[in-house]
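Undergrad: Take a look at the following structure, please.
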Amino acid sequence: MKKVQRQSVVDMASEQIKEFLGGESIQIGDKLPTEYDMCNRLNVSRPTLREVYRKLQSQGFLELKNGYGAYVKNKTEDIIQQTTNWFRAHDAQMHNYLEVRLYLDPLAAKLAAKNRTETDVLLLKKLLQDFEESYRVNDNKNMAEYDAKFHKAIVDITDNDLLVTLVTIVNYYFEQLRTTSFSLQKNAENALEPHRKIIEAIEKGDLQLAEDESIRHICKAIKDLCGEDSSLFI
């Protein structure tokens with residue numbers, strides 16, 4: 001590993017360690033060299049090295065064991081973690097996610113209407129029923145869970161691996177905001193009827209209607225959660 005310069009020392013040292021982890025000389029589960037050795041290799045202080053370790057731990061690269069040192073957890077950063085870190089670093093807001101969903105969700109609904117089976121439709125109806133039951137007892141956590149399962153089920157029906165991956169990446173971060181959004185009763189109420197209409201369109205096999213109902217659903221969410229005119233996104 002090359003010694004790092006003083007400018008942006010934490011970031012630069014982090015990148016140097018990532019390069020080291022990407023090599024063949026160290027594997028998952030291996031322990032990193034001692035702090036003394038790493039400080040000398042990178043030309044950084046122990047407090048700085050520990051800050052670097054904490055950063056790499058948060059990114060999923062290292063596992064820190066008190067009294068034992070730092071161990072390799074992953075040699076590369078998975079795509080979902082990369083995307084999550086990007087969102088956090090850029091302070092993305094709710095409307096950013098909904099703007100993306102305004103294009104992904106309608107496409108998923110349209111393809112689901114094309115590929116659905118009777119079993120698929122029954123699953124969507126069951127998830128809607130579970131959502132409604134959670135709504136009646138004001139269980140925000142379960143509402144968020146069933147909402148996520150409902151939209152995931154629609155994407156799974158598309159049988160489009162790329163779309164499934166894209167939606168999974170977006171929803172991975174968005175799920176942390178779902179429970180908060182459903183803490184407002186009107187947001188939960190406003191999800192019930194749109195979900196029902198989306199299911200009906202998918203069951204009919206009406207591609208255009210499924211797409212339209214999904215667009216209306218997300219547009220309503222943009223207005224409820226962001227207070228913005230959804231036409232600005234279209």
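Numbering (the numbering used here), first residue to last: 1 to 234. We put the CB at the ideal spot given by N, CA and C, even for glycine. Keep in mind it's a predicted model, so treat the numbers as computed, not measured.
Would you kindly work out how many angstroms separate the C-alpha atoms of residue 104 and residue 25, rounded to a whole number?
TA: 42 Å
Undergrad: For the structure I just gave you, are there three or more beta carbon pairs, one from the segment 122 to 136 and one from the segment 190 to 199, closer than 8 Å?
TA: Here the segment 122 to 136 makes contact with the segment 190 to 199; the two share three or more CB pairs at distances below 8 Å.
Undergrad: Could you give the DSSP three-state label for residue 137: helix, strand or coil?
TA: coil
Undergrad: Beta-carbon within less than 6 Å of residue 157's beta-carbon, same chain only, minus the 5 sequence neighbours each way: which residues are those?
TA: 112, 115, 116 and 120.
Undergrad: Let me check understanding here. Comparing Cα to Cα, which of 69, 150, 132 and 130 lies closest to residue 38?
TA: 69
Undergrad: For residue 220 versus residue 190, is the C-beta distance shorter than 8 Å?
TA: At a Cβ-Cβ threshold of 8 Å, residue 220 and residue 190 count as neighbours.
Undergrad: Determine the contact status of residue 144 and residue 214, defining contact as a CB-CB distance below 8 Å.
TA: It is not a contact, given that the beta carbons lie outside the stated cut-off.
Undergrad: Under the rule that 16 or more other beta-carbon atoms within 10 Å means buried, what is residue 140, buried or exposed?
TA: That one is buried.
Undergrad: Can you give me the C-alpha to C-alpha distance between residue 188 and residue 167, rounded to a whole angstrom?
TA: 21 Å
Undergrad: Return the chain-ordered list of same chain residues with a C-beta closer than 7 Å to the C-beta of residue 17, the five sequence neighbours on each side being excluded.
TA: 52 and 56
Undergrad: In the DSSP assignment, find the alpha helix (DSSP H) that holds residue 36 and state where it starts and stops.
TA: Its alpha helix (DSSP H) spans residues 35 to 42.
Undergrad: Leaving out five residues on either side along the sequence, give the residues of the same chain with a beta carbon under 7 Å from the beta carbon of residue 155.
TA: 108, 163, 164 and 167
Undergrad: With distances taken Cα to Cα, identify the nearest neighbour of residue 14 among 152, 27 and 58.
TA: 58
Undergrad: Is the separation between the beta-carbon of residue 34 and that of residue 10 shorter than 8 Å?
TA: no
Undergrad: Would you mind giving the Cβ-Cβ distance between residue 95 and residue 218, rounded to the nearest angstrom? I have them listed as a contact below 8 Å.
TA: Actually they do not touch by this definition, with Cβ atoms about 11 Å apart.
Undergrad: Mark residue 45 as exposed unless 16 or more other C-beta atoms lie within 10 angstroms of its C-beta, in which case mark it buried.
TA: exposed
Undergrad: So residue 21 is in the beta strand (DSSP E); what residue range does that whole segment cover?
TA: No beta strand (DSSP E) holds residue 21; the alpha helix (DSSP H) holding it covers 9 to 21.
Undergrad: Is residue 132 closer than 8 Å to residue 192 when the C-beta atoms are compared?
TA: yes
Undergrad: Please classify residue 172: does DSSP put it in a helix, a strand, or coil?
TA: When DSSP states are grouped into helix, strand and coil, residue 172 belongs to the helix group.
Undergrad: Put residue 71 into one of helix, strand or coil per three-state DSSP.
TA: strand
Undergrad: Could you work out which residue in 30, 160 and 42 is closest to residue 8 when comparing CA atoms only?
TA: 42
Undergrad: Can you tell me whether DSSP reads residue 64 as helix, strand or coil?
TA: strand
Undergrad: Where residue 206 and residue 194 are concerned, what is the direct C-alpha to C-alpha distance, given to the nearest angstrom?
TA: 15 Å
Undergrad: Just the C-alpha distance for residue 138 and residue 146, rounded to the nearest angstrom, thanks.
TA: Spanning the two alpha carbons is a distance of roughly 13 Å.
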